[in-house]
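Undergrad: When we follow the UniProt record's numbering, the leftmost residue of the sequence shown carries the number 1, and every step to the right adds one.
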Amino acid sequence: MYSFRCGEEGHGLKDCPVPAKCFYCAQEGHILRDCPTRPPPPVKSDAAPAASA
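The structure is reproduced here in structure tokens:
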């Protein structure tokens, strides 16, 4: 087994003693997906663009 978080062998990611660090704000305790400082993704519109005549 190998932990991609700390680079050590002998345990997996779920058992890693190193706390998770966010790739966006670099704070420990959460990951990018759950980052409170990350702006929300842009809202995609389902409407087709208006055709010009």
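Where a beta carbon is used, it is the ideal one built from N, C-alpha and C, also for glycine.
Among Tyr24, Cys25, Cys6, Phe23, which residue has its Cα nearest to the Cα of Cys16?
TA: Checked all of Tyr24, Cys25, Cys6, Phe23; the closest Cα to Cys16 is Cys6.
Undergrad: Which class does Lys44 belong to by DSSP, given the choice of helix, strand or coil?
TA: Looking at Lys44 - three-state DSSP - the assignment turns out to be coil, as it is neither helix nor strand.
Undergrad: Look at the alpha carbon of Glu9 and the alpha carbon of Ala20, and state the distance between them as a whole number of angstroms.
TA: Taking the straight line from one Cα to the other gives about 17 Å.
Undergrad: Have a look at Gly12 and Arg33 and give me their C-alpha separation to the nearest angstrom.
TA: Straight-line Cα distance between these residues: approximately 20 Å.
Undergrad: Can you give me the Cβ contacts of Ser3 inside the same chain, cut-off strictly under 7 Å, excluding the 5 residues immediately before and after it?
TA: Once the five neighbours on either side are set aside, the close Cβ partners of Ser3 are His11, Gly12, Leu13, Cys16.
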